[in-house]
Every structure is written in structure tokens, then in C-alpha cells.
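Written out below as C-alpha cells is the structure these notes cover.
Residue numbers (the numbering used here): 4 to 138.
Below you can see the structure in the form of C-alpha cells.
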């Protein structure tokens, strides 16, 4: 395959395994995410943050359950229609552009990610996807 023909679907095909909902530093949520999820779960925004988030620096992240998965994971995403921006973009997230080795780290636990493409190709696809979805 020539490097100019790779697409995001060449690099990633979701298998619905839920591994992206487990571990690492948690899922950052924006103010818009908090409003959408709060509305969807019929929870006051302040109560939502207190109950379902913890702070990572100055940013709220969704807490994990005792099983290590996102608090909203129950063999499926229970907030899928309003899942956070970071989840919608997965695995085409900004941390890949900060350090390309993050792609290989993530691919180590995600069976849907391929890591047999050149780094430049991965960076190109991530950049294009982020531009489409808005950083």
C-alpha cells in the first residue's frame, strides 16, 4: 500500500471491545460534554462533576469504576449518544501528535488499531481527522 493511500479506516477499525474505555489517565470532559451528559442522565451539572469526575490538573476527567473501566462502561457505553469529545475522536487524539509513540502504546491494548504504518502516515491521518472534527 502506498503511503498516500492510507485512510483512518486503514489505521483503525473499532471492534467494540471497550479497551479504550479502560485505564490510562481517564477521559477529559469539556464543559459541553458535561452539559450533554448531565442532560442525558438527568443530573445537575454540578452534581455530575462531583459524582462522576475527578480533577486532573485543572481539567475534569471521568472517574473509573472498580473494574478499571470508565464509570459509564457496562459492556457497552451507556452514554454513547452523548459520549465525550475525546471518546468520539478515539484513537485520533491530540496526544498522538505530541508523542507519536502514544499510537503504539494505545495499539498495544486496542485490537482495532494497526501499528504497521510509518509514523508520518499516522500523524497525517490524525491531523486530518482532528481538523475534520475540530480540536
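Where a beta carbon is used, it is the ideal one built from N, C-alpha and C, also for glycine.
Same chain only: Cβ atoms within 7 Å of residue i, ignoring 5 sequence neighbours per side
i           : result
residue 118 : 106, 107, 110
residue 52  : 37, 63
Whole-number beta carbon distance between residue j and residue i, since they are thought to touch under 8 Å
i           : j          : result
residue 136 : residue 78 : In fact, because the Cβ distance is near 26 Å, the residues do not count as touching under 8 Å.
Reduced DSSP category for residue i - H, G, I as helix; E, B as strand; rest coil
i           : result
residue 112 : coil
residue 93  : coil
residue 66  : coil
residue 15  : strand
residue 4   : Residue placement at residue 4 is poorly supported in this model, since its pLDDT is 46, which falls under 50; the coordinates are not used for a value here.
residue 38  : helix
Own chain, CB closer than 6 Å to residue i, minus 5 neighbours either side, in chain order
i           : result
residue 112 : 22
Alpha-carbon to alpha-carbon, residue j and residue i
i          : j           : result
residue 88 : residue 129 : 15 Å
residue 48 : residue 69  : 23 Å
residue 31 : residue 73  : 11 Å
residue 2  : residue 66  : An answer regarding residue 2 cannot be provided, because it is not within the stretch 4 to 138 covered by the chain.
Close-in-space but distant-in-sequence residues of the same chain around residue i (CB under 8 Å, 5 per side omitted)
i          : result
residue 82 : 40, 43, 44, 75
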